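Taking it in order: structure first as structure tokens, then the write-up.
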Amino acid sequence: MSGNDDTFERARAAFVAGVQHHEAGRLPEAEACYARAQALMPGRPSVLINLATVRLALGNPAPVPADLAPVLAADPANPEALALLARALTALDRPAQALPLVEQPQRQRPQDAELHHRRGLLLGRLGRADEALAAFDAALALDAAHAGAWTQRGSVLREAGRLADAAHCFRQALRHGGDTALNGWFLASVTGHAVECAAAVGCDGADFAGDTAGATAGDTAAAASAPTAWGQAPARYVQALFDGYAEGFDRHLVEGLGYGVPEALAALLPPGRHFASALDLGCGTGLCTPPLQGRVGRLVGVDLSPRMLEQARARGLYAELHEAELVAWLQGAEPGFDLVLAADVFIYIGDLAPVFDGVRRVLAPGGQFVFSVEAADDEAAVQLGAQLRYRHGEAALRALADAHGFEVHTVRREVLRHEQQKPIDGLLMRLSSR
Ligand SMILES: C[S@@+](CC[C@H](N)C(=O)[O-])C[C@H]1O[C@@H](n2cnc3c(N)ncnc32)[C@H](O)[C@@H]1O
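Count along the sequence shown from 1, add 15, and you get the number used in the working numbering.
Rendered as structure tokens:
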């Protein structure tokens, strides 16, 4: 057998093994096999399309445009490759490039509700709200049970401030089997119900799913009894938001919005104190590292978003980085930190009781806990706004601190950043474990 035949056989074997892993749902193994097949025999369309499919399913869209380039160079109208490329560009938050890839097949298949839905999603991202609404209407005219189109339509209306109309859409999405956590949380945000954190009881959102009459009584009952379900932003939402946001995050936040929370939190720390072991909850891209340099020994970061963590890793300053939901991570973490910080993270968590509980557990005696929150206009409340961010009242936070054995040292009111030229008021707090 010649060298070439041997390479062909090895590439084929890798491809076949990839298909077997793929079909069995073992996606990382499938990706490795397809990548091996591609390295051995570059440019084969079946390998590249499967590789791109698996990478998208693994939430790794970044290499997909390059994966598909040879396929499209050879066959520019390959429908499978174009559909995958559109999905990758959507996930990479490049809606202007993705839009023509959705519009082209849509002209050939105008009865395809899913294509209208995808087009609406991209138009919404491009800020073309009216066209997006028309696209969702077209999708729903073809398929009134398209839960995704209801959710996206509701999101565009929410952003336009049409909260009652948005609520109707989220109810419809729930009715038609849309993601309960996501749509329930969206509905809670537009119906304006504060999430009461005191009496944590579970609720799976079934009350919402049954409520299609548009009455708010059902919302009130469900929201009041649903602090667990809507006590924090769904992980999927946070992950998708920040994965899409990661690349331009630092520039956008620091230069565009005047964000200075990491520096302000570092300034709350007792002067001259060095921290041997620090934990950065919701570390994002690692913007807390510059103001902490020279003040901490070992630094550990936790975040839900793999793309944000990639940026944090590139700084080379974290001893460990964990891709995890922070409450879950805290439950299994080894104690011994003498500093825990959370900058601009509790805007995604309404029910902070499990967080305080976890931080108390991992913090060494005398350890410091510093964090920022957006300030609620009711001191005793936790509010979930239509902007999908939680706001916390100072009295509510003090009560929580007391209940979890923390001493409150500093509470500072500050403008956290600017949004649409308006200041966002916040609280910066330093607690210590008693
Ligand atoms: C606005 S960014 C702030 C990042 C960083 N702390 C800073 O100040 O630049 C919020 C970060 O919190 C993360 N996050 C939100 N909720 C989380 C949760 N429940 N568990 C882990 N990470 C979370 C997001 O993925 C995102 O990276």
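Cβ atoms here follow ideal geometry from the backbone N, Cα and C, with glycine treated the same way.
Just so it is clear, the structure is predicted and the values come from calculations on it, not from any experiment.
A Cβ-Cβ separation of about 5 angstroms places residue 385 in contact with residue 280 under the 8 angstroms criterion. Assigned with DSSP and collapsed to three states, residue 360 falls in coil, not helix or strand. Comparing C-alpha distances from residue 68 to each of 43, 91, 379 and 416 shows the shortest one belongs to 43.
At least one heavy atom of ligand 1 lies less than 7 angstroms from the C-beta of residue 360. Following the DSSP letters along the chain, one finds residue 158 in no beta strand (DSSP E), marked with neither H nor E. Collapsing the DSSP output to three states places residue 405 in a strand. For residue 441, the Cβ stays outside the 7 angstroms cut-off from all heavy atoms of ligand 1.
Rounded to the nearest whole angstrom, the CA to CA distance from residue 303 to residue 23 is 50 angstroms. Remark: the shortest separation between the CB of residue 444 and any heavy atom of ligand 1 does not fall under 7 angstroms. For residue 46, the secondary structure class from DSSP, reduced to helix, strand or coil, is helix. By the C-beta density criterion, residue 122 is exposed, having fewer than 16 other C-beta atoms within 10 angstroms. The alpha-carbon of residue 56 is positioned some 17 angstroms away from that of residue 88. With contacts defined as CB atoms closer than 8 angstroms, residue 316 and residue 327 qualify as a contacting pair. Secondary structure of residue 174 (DSSP, three-state): helix. Taking the Cα positions, residue 407 is about 13 angstroms away from residue 427. Ligand 1 never approaches residue 326 closely enough for any of its heavy atoms to be under 7 angstroms from the residue's Cβ. In this structure, the C-beta of residue 405 stays at least 7 angstroms away from each heavy atom of ligand 1. DSSP places residue 282 inside the alpha helix (DSSP H), whose first and last residues are 276 to 283. If you draw a 10 Å sphere on the C-beta of residue 286, you find fewer than 16 other C-beta atoms in it, and that means exposed. With a cut-off of 7 angstroms, the C-beta of residue 431 is classified as distant from ligand 1, since no heavy atom of the ligand falls inside that distance.
Closest option to residue 45, judged by alpha-carbon separation, among 30, 266 and 113: 30. Inside the stretch 311 to 361, DSSP marks whole beta strand (DSSP E) runs of 3 or more residues at positions 311 to 318, 335 to 338 and 352 to 357, from first to last along the chain. Pairing residue 169 with residue 185 gives a Cβ-Cβ distance under 8 angstroms.
At least one heavy atom of ligand 1 is found less than 7 angstroms from the C-beta of residue 364.
Within 7 angstroms of the C-beta of residue 302 there is at least one heavy atom belonging to ligand 1. Counting the other CB atoms within 10 Å of its CB gives residue 430 a total below 16, which places it among the exposed residues. Residues of the same chain with a CB within less than 8 angstroms of the CB of residue 167, apart from the 5 flanking positions on each side, are 132, 135, 136, 139, 147 and 151 in chain order. Residue pairing of residue 392 in beta bridges, as defined by DSSP: absent, with no partner found. In this structure, 141 is the residue among 98, 95, 83 and 141 with its C-alpha nearest to the C-alpha of residue 110.
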